[in-house]
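Right, one structure below, let's go through it.
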Amino acid sequence: MTTEPNAPTSRGTVTIEIERCKGCALCIPACPPAVLRMSEAHNGIGMPYPELLPGCTGCGACLLVCPDFCFEVWQYDAPLRHAEAGAPS
Ligand code: SF4
Ligand code: SF4
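Residue numbers (my numbering): 951 to 1039.
Below you can see the structure in the form of structure tokens.
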């Protein structure tokens, strides 16, 4: 396993029910480390949805702000370091 010294670290992760998402984007500014971004793709009702970038802390702010209960949140027992490309390593 190879990681860069400044590779992002995730202390948690989320799953996102993209077909339930209405594309309101309230979750984007609510994420303290700014690791959510709206997709360019669209779900079945034609809306963009959030995508997760490396660096989630598992804080749960997205879960609390989403009016449609799209998020589930987990915290890792130990921080997960990502490779330079951002994929879990
Ligand atoms: S807050 Fe919920 S409904 Fe709104 S964009 Fe984010 S995931 Fe979708
Ligand atoms: S759990 Fe916190 S850090 Fe992770 S995506 Fe949600 S708001 Fe962002």
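Quick reminder that beta carbons are idealized off the backbone N, C-alpha and C, glycines included.
Could you tell me whether the Cβ atoms of residue i and residue j are closer together than 8 Å?
| i | j | result |
| --- | --- | --- |
| Pro1000 | Met988 | yes |
| Pro1029 | Cys1009 | no |
| Cys1016 | Leu986 | no |
According to DSSP, is residue i part of a helix, a strand, or is it coil?
| i | result |
| --- | --- |
| Leu1041 | Any answer about residue 1041 is impossible in this case: the structure gives the chain only from 951 up to 1039. |
| Ile995 | coil |
| Leu1030 | strand |
| Pro926 | Limits of the chain in this structure are 951 at one end and 1039 at the other, which puts residue 926 out of reach. |
Measure the C-alpha to C-alpha separation of residue i and residue j and round it to an integer number of angstroms.
| i | j | result |
| --- | --- | --- |
| Ala984 | Ile978 | 7 Å |
| Met997 | Ala1011 | 21 Å |
| Arg970 | Asp1018 | 7 Å |
| Val1023 | Ala991 | 23 Å |
| Ser960 | Ile995 | 31 Å |
Please return the same chain residues whose Cβ sits closer than 7 Å to the Cβ of residue i, not counting the five positions on each side in sequence.
| i | result |
| --- | --- |
| Glu967 | Cys1020 |
| Ala980 | Ala1011, Cys1012, Val1015 |
| Trp957 | It is worth fixing the name first, because residue 957 is Ala in this sequence and not Trp. Around Ala957: Arg1031, His1032, Ala1033, Glu1034. |
| Asn993 | Ile968, Glu969, Cys971, Tyr999 |
My assumption, with CB atoms under 8 Å, is that residue i sits in contact with residue j. Please give the rounded CB distance.
| i | j | result |
| --- | --- | --- |
| Gly973 | Cys1006 | With a Cβ gap of about 20 Å, Gly973 and Cys1006 do not count as contacting. |
For residue i, which residues in the same chain have their Cβ closer than 8 Å to its Cβ, ignoring the five residues on either side in sequence?
| i | result |
| --- | --- |
| Leu1002 | Thr963, Val964, Ile966, Val985, Leu986 |
Quick one: residues in its chain with C-beta nearer than 6 Å to the C-beta of residue i, no 5 flanking neighbours on either side, listed in chain order?
| i | result |
| --- | --- |
| Gly1036 | With a pLDDT of only 47 at Gly1036, under 50, the local geometry of the prediction cannot be trusted, and no value is derived from it. |
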